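Protein chains in written order, with our numbering: chain A, 1 to 348; chain B, 1001 to 1348; chain C, 2001 to 2323; chain D, 3001 to 3323.
Data first, discussion second: the structure below is written as structure tokens.
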Amino acid sequence: MLPRLPRDNLLELCRKMLLIRHFEEGLITLHNEGRFRGHYHVYIGQEATGVPALSLLEASDYVFTTHRNHGHVLARGAAPGRVLAEILGRRDGYNGGKGGTFHVAPVELGFLQTSAVVGGIIPLATGAAYAAKEKKSGQVSVCLFGDGALEEGAAVESFNLASLWKLPVLYLCENNGKYGHGRATSAIRSSSMAVFPLTDLPAAYKIPAQQVEGTDAGLVLTVIGEAIRRLRRGEGPQFIEAQTVRWPGSVSNWPVLPVRTQVAFAWDMKAVPEAVKEWYQFSDPVLLFIRELLDEGHASKEEILDMQTSVADEIDEAIKFAFDSPEPDPKSALENIFAAEKRGGCDA
Amino acid sequence: MLPRLPRDNLLELCRKMLLIRHFEEGLITLHNEGRFRGHYHVYIGQEATGVPALSLLEASDYVFTTHRNHGHVLARGAAPGRVLAEILGRRDGYNGGKGGTFHVAPVELGFLQTSAVVGGIIPLATGAAYAAKEKKSGQVSVCLFGDGALEEGAAVESFNLASLWKLPVLYLCENNGKYGHGRATSAIRSSSMAVFPLTDLPAAYKIPAQQVEGTDAGLVLTVIGEAIRRLRRGEGPQFIEAQTVRWPGSVSNWPVLPVRTQVAFAWDMKAVPEAVKEWYQFSDPVLLFIRELLDEGHASKEEILDMQTSVADEIDEAIKFAFDSPEPDPKSALENIFAAEKRGGCDA
Amino acid sequence: MPEMAYYEAKLAALQEVLRADERVRLIHETFLGLSPRRSLFGEIEKNFPGRVISPPISELGVCGLAIGAAMAGMRPVVDIVTASFSFEAWPQIVNEAANAFYMSGGRTRVPVVFHMIHGLRGGGAAQHSHSPQAMLWNCPGLEIVLPSSPRDVRGLLKSAVASDNPTVFVDHALLFEIRGPVPDGDDPIPLGQADIKRTGSDVTVVATSFMVQRACAVAEQFAAKGIQVEVVDPRTLVPLDFETIMASVEKTRRVVVVDECRHSCGVAAELAARIWEAGFDKLKAPVRRVATLDVPVPYSKKLEEFISPSESRIVEAIHGVMG
Amino acid sequence: MPEMAYYEAKLAALQEVLRADERVRLIHETFLGLSPRRSLFGEIEKNFPGRVISPPISELGVCGLAIGAAMAGMRPVVDIVTASFSFEAWPQIVNEAANAFYMSGGRTRVPVVFHMIHGLRGGGAAQHSHSPQAMLWNCPGLEIVLPSSPRDVRGLLKSAVASDNPTVFVDHALLFEIRGPVPDGDDPIPLGQADIKRTGSDVTVVATSFMVQRACAVAEQFAAKGIQVEVVDPRTLVPLDFETIMASVEKTRRVVVVDECRHSCGVAAELAARIWEAGFDKLKAPVRRVATLDVPVPYSKKLEEFISPSESRIVEAIHGVMG
Ligand SMILES: Cc1ncc(C[n+]2csc(CCOP(=O)(O)OP(=O)(O)O)c2C)c(N)n1
Ligand SMILES: Cc1ncc(C[n+]2csc(CCOP(=O)(O)OP(=O)(O)O)c2C)c(N)n1
Ligand SMILES: [Mg+2]
Ligand SMILES: [Mg+2]
């Protein structure tokens, strides 16, 4: 379902989704070339959740994300060059290269902490919501985490606190098929989560909870838009489970690129390898969105192809920017252990 | 409701409840006299949960309990003298005085670990159930904990494991009115638990869950009896919430004895202080049980008075035994850090 | 200088931090533990409505909430009660709070205080008697404060709350009834300033928290015998004022370190190692450590006393370095 | 003696413990971490159906379950994966498992093994690079095992599983590809036996885990210059074979301790303090510690290298004690 938005906004959503896709695909290539190290995770297949969801926020709202953060920070407008520089451990990264892929946190965009401890951000996001409530600032706190995080006790302890104290926090659980190996909800039950559907868990804590098809940008916008309105009205925490189908490149522990996405796949799947055709046909949120744009006459194929070219250029520039960024001075490892002066809160 | 049991069994249940009551009241007196130290908790008001529940177990079953353990170990047949010796830190205590009031654990009765960390035993009891299942021993594991433990993440992580792996564990949540300061369920909502009724939480994990009036020995026997049968049939974990009304002596952080219980209160409340009359009239499980025994002609007042005398004698002996028990040798502090020989499992 | 009881100074500081900064919240209300004085805290709840919050028994979630609130501009003081319960919150304290400023590249500040009561309180047994400050010192990014006197608890609590860093405030129940001078006014004591609790020229005892009191009592006994013990209280482990410690070491050249953590990898191990490193050629005798023995804490009184860093063990250690 | 890769020796040991004792269960399956060899573990799952269990992401619940199962007669080996995640399970490891035997008066045995992979794996950043062994050493009641060679991982894993005590098995991802001799047969290596990994008479380097390999590489360099470095590997911290360490110290009278825990209150602090205490009058130079600097672990390669106990820092420390 295409969101009911002006054409410019629709194209902007499309562009962001495409940007994320190209960014992540480029990253996999860089990793394959040995140009950065460490375990990493990509947001491919979940673009239609993060992009519309975060487009609904005010600039002052808080966002907390996980090991799978690249798509979220880009969706919120982070500069791809600085995100990549962070992933490469360079000085111009949002966190000076100290965070890396697990911890990209553009604080100026409201990302206060990006934690790679499964479940770690759920209490933190709840706390930021508590601060918003106490400050009466009208801010909301959005917590984006995977289905696996519900297996950690930290999740439910937070649900309890948020529910008791009516905190303005949106728990946005991205169920991407657990570990990338299967789907925790809907048709197939999970071997690691007895709660089914997952929304039963927040519901037990009296938190309004719904499921949404996470590959459908329009539905995501509607459902999350309503949840955020309820948050701003002071109705207390909200829980959304956004379901997406596992991207075939994340079967193993490390991302493997089966094919580089071309917008042309939206109208011509020939170039897609047989083994992954089904996913790109039915579950790829970017291609789905492009098809809808085309079907409803919001854009022509040429315009989409132009968009792809422009996105590719932006990624090329980002890569250049990131690799041009210097390595941090080794001695700077000893900086930033403690804040010296007293200011409180964060940089933003 | 009086359990449907032969008279002897009924009298035995009564005797155990009375024994616990006298033991705990005696303990408060000893503490007031400064004869032992440390924070401690008593089981007064919950006798009709623990005594019938544990009477349903086999000798080989496992039981895990908390800071509020005295009633449970006595219900399962622990020698009052050895329990008291443990609370006094004496050599003849079940754990040589190393555990104390928080950790009384008669291993020979299946008490493998008594943890005073709220929620701490819930994973442990789940693990003993896992062992029982793997050993195909037919044993069940019973986990007795307070309503407050449901606020700890450890509880739900365990529920998930037990449900996924269909483990023979009975989660027996004794809701005694949280912290002794209010009732977490039924009419009044808790300020520290959003889940309401509490059974919604295990139910979200697909664990069969029911509530029972914890002051009614007959109901407790029936409901828990059924749950244990389901456990032994391999139907997976069971959850029971037993509700009792806060004993007025546990309003504050330390037990305060408003009056020493006399069995005669069952038929004559004159000696009960006005401020606490309501509790002794309507919520005291021991007096309720005695009244039922009398009403249905299972015992005469004289027999009950005799029982009281015999219980009092037993407690007197226990006190003598415990105080006669020597203090442990200071140097024995250095023993029992590690098990030397390899045997595995526990002493029992 | 006016005298105050420790619990009074602590309560005064709590009122002062609440008054001084609208962003301060107290989460949980057992700053006086199980002490019979704890009801006096009710006064604070009355004076600062909405500023003291009762949480569920969810240390992990509650500490995480406080950390997140601190990131978003509040200044929460979470009372974890017994220090052993900090373990429930370990992932949040050690892996979220401690790392936040660093891994954000110096951008996310976490002005949270974790309050807890550590050590052998008497009858706390194995699960309620921990001193986690050594483990915490092994986690860079956390400030660690260990008050030992009425004056210190007041001045240090203020600095802990004012700090923009996550600060662990480790108190001890056996200090609450101690009386001592507390200056008028309410000057904070900066973190990172050791304090000479007693001057002496013959031997240095570096002690923390309640052990400072014990060391002073022992020093009194030695003074009667003409041996002058200097008692140095670091007051904060992070930041550590090592200069003050070494100045004393260089003066006396004989050192005993007393701390209530368990022996292995305890605070005394670190302090002793640093003193050795800096003072190798100045020391007249091997540094002696007095710590809780490497044993789970037994309930029984005699056993608990046996493993504790008792006065008699401190006396023996002083004889050891003097001998 | 046949040669084996470390990962092969580890997999062999896992098969052997499963074969030797019907009560053994492996909970979780990443004993080889993120290594490309990890798929070889599939063999074990195939050979021992029902003996390897995949748990949810619930370290606290899962470790607690393993502890409870051990109390009730099983011998579970829980794989916590990255050692940093042991913090999620901290209350169960530190406050349940460690205390059980003691607080039951020596009656409840907990034959559980907690397996984890510690340290700077390269790019793990602040939240995935911890070395919790120092914190764990501060918790009496836990055995701590730190293998450093193919032979040791095989022999020590067997003893860990055979032990009736809770044992933390702390491995290091950078060891997996190392090759070395592994004797035929399958003799366990008793806990509490240090191993001289290289003999030398000029200086003693006490090193643990992957640092043993690094120390040996450095020793090689020094040998070329005619300086003989003895590398002592305690192999287990609890129980600790301090005699073997001191025998070496008494021989060389110069000591460097290398360990990957953070500096303050780290394993090197404890080892150094003990060596000072026992060897005060034997040491020719102050003991030097080489540990990870007191900093949260940065992601960036250059920064991570800067804080790590690198070869160059070990070299410098050896020069320091020789100088
Ligand atoms: C406390 C903790 N345990 C285990 C891990 C290892 N780990 C990293 S990602 C992951 C899977 C998380 O699944 P999910 O939450 O569904 O997120 P997804 O990766 O699917 O987006 C695991 C287990 C971790 N990072 N933290
Ligand atoms: C992890 C932890 N947090 C806090 C405490 C302190 N504490 C001891 S008993 C108790 C109340 C427990 O309530 P509940 O579980 O309902 O048990 P009850 O005492 O009512 O039987 C608390 C908070 C503790 N022992 N452990
Ligand atoms: Mg997932
Ligand atoms: Mg309760």
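The beta-carbon is built from N, C-alpha and C at its ideal position, and this holds for glycine as well.
A quick note: this is a predicted structure, and the numbers were derived from the prediction, not measured.
- [ ] Taking V51(A) and M17(A) to be in contact with their CB atoms under 8 Å, please state how far apart those CB atoms are, rounded to whole angstroms.
- [x] 5 Å
Open item on the list: Out of R2289(C), E2277(C), V2094(C), which one is the CA nearest neighbour of K3284(D)?
Closed with: E2277(C)
Open item on the list: I'd like to confirm the pairing. Which residues does DSSP put opposite G234(A) in its beta bridges?
Closed with: Answer is none; G234(A) lacks a bridge partner.
- [ ] Check the Cβ-Cβ distances between V3054(D) and every residue of chain A, and say whether any is below 8 Å.
- [x] Here residue 3054(D) is Ser; the residue named in the question, Val, does not match the sequence. S3054(D) counts as touching chain A.
TODO: Would you verify that the beta carbon of V1169(B) is, or is not, closer than 8 Å to some beta carbon of chain C?
DONE: no
Task: Under the three-state DSSP convention, the category L10(A) falls into - done: helix
TODO: Say whether chain C places a C-beta atom closer than 8 Å to the C-beta of G99(A).
DONE: yes
Open item on the list: Under 8 Å, CB to CB, which of the residues in the stretch 3118 to 3144 of chain D have a partner in chain B?
Closed with: Legend: CB atoms of the stretch 3118 to 3144 of chain D lying less than 8 Å from CB atoms of chain B belong to residues P3140, G3141, E3143.
Task: Residue of P3091(D), I3067(D), Y3102(D), E3177(D) minimising C-alpha distance to R3038(D) - done: E3177(D)
Open item on the list: With three or more beta-carbon pairs closer than 8 Å as the criterion, would you say the stretch 92 to 103 of chain A touches the stretch 135 to 150 of chain A?
Closed with: no
Open item on the list: Does K2301(C) pass the burial test, meaning 16 or more other C-beta atoms within 10 Å, or should it be called exposed?
Closed with: buried
Open item on the list: Can you check whether the C-beta of V2249(C) is within less than 8 Å of a C-beta belonging to chain D?
Closed with: no
Open item on the list: Considering only the alpha carbon of each residue, which of A2269(C), G2106(C), E2304(C), P2049(C) lies closest to W3137(D)?
Closed with: A2269(C)
Task: Distance, F1239(B) Cα to T1185(B) Cα - done: A caution first: T1185(B) carries a pLDDT of 43, below 50, which makes its placement in the model unreliable, though a value can still be read off. Taking the straight line joining both Cα atoms gives about 15 Å.
- [ ] Step through the CB atoms of chain B and report whether any lies within less than 8 Å of the CB of V2078(C).
- [x] Answer no: the Cβ-Cβ gap between V2078(C) and chain B never drops below 8 Å.
TODO: Give a yes or no on whether 8 Å exceeds the smallest Cβ distance from G1345(B) to chain D.
DONE: In this predicted model, G1345(B) has a pLDDT of only 41, less than 50, meaning its place in the structure is not dependable; the value taken from the coordinates is given anyway. Chain D, which has a Cβ nearer than 8 Å to the Cβ of G1345(B), makes this yes.
Task: Interface residues of chain A facing P2049(C) [CB-CB closer than 8 Å] - done: Those do not exist, as P2049(C) stays about 13 Å from chain A at its closest Cβ, beyond 8 Å.
- [ ] Check whether the Cβ of F3085(D) lies closer than 7 Å to any heavy atom of ligand 1, and answer yes or no.
- [x] Remark: the shortest separation between the CB of F3085(D) and any heavy atom of ligand 1 falls under 7 Å.
Task: Separation of V3145(D) from D1329(B), as counted between CA atoms - done: 32 Å
- [ ] Could you say which of G3122(D), G3073(D), E3311(D) lies nearest to A3162(D) if we only look at CA atoms?
- [x] G3073(D)
Open item on the list: As a quick exercise: from Q1281(B), Q1262(B), G1236(B), Q1243(B), pick the residue whose alpha carbon is nearest that of E1174(B).
Closed with: Q1243(B)
TODO: Find the residues of chain D that neighbour P2286(C), judging by a C-beta separation of less than 7 Å, and give them in chain order.
DONE: W3276, E3277, F3280
Open item on the list: Quick check on N3095(D): does DSSP put it in helix, strand or coil?
Closed with: helix
TODO: Taking only the alpha-carbon atoms, compute the straight-line gap between R3179(D) and Y3006(D) and give it to the nearest angstrom.
DONE: 6 Å
TODO: In angstroms with no decimal places, state the Cα-to-Cα distance between A3217(D) and E3316(D).
DONE: Their Cα atoms are separated by approximately 14 Å.
Task: Supposed contact pair P168(A) and A129(A) - C-beta distance, whole angstroms, cut 8 Å - done: 5 Å
Open item on the list: Please report the distance separating the alpha-carbon of S3201(D) from that of R2262(C).
Closed with: 34 Å
Open item on the list: Using the Cβ count rule (16 or more neighbours within 10 Å means buried), how would you classify N2047(C)?
Closed with: exposed
- [ ] Give the secondary structure of I3117(D) by DSSP, where H, G and I count as helix, E and B as strand, and everything else as coil.
- [x] strand
Open item on the list: Tell me which residues share the same chain as F3031(D) and place their Cβ nearer than 7 Å to its Cβ, disregarding the 5 neighbours each side in the sequence.
Closed with: K3010, L3014, F3041, D3079, H3115
Open item on the list: V3017(D) and I3067(D) - do their beta-carbons sit closer together than 8 Å?
Closed with: no
Task: CA-to-CA distance, L1056(B) to I1304(B), given in whole angstroms - done: The straight-line gap separating the alpha-carbon atoms of I1304(B) and L1056(B) is approximately 24 Å.
Task: P3076(D) - partner residues in DSSP beta bridges - done: R3025(D)
Open item on the list: Between the alpha carbons of S2104(C) and A3125(D), how many angstroms are there, rounded?
Closed with: Straight through space, the alpha carbons of A3125(D) and S2104(C) are spaced by roughly 11 Å.
TODO: Can you say whether G2061(C) is buried or exposed, counting buried as having 16 or more other CB atoms within 10 angstroms of its CB?
DONE: buried
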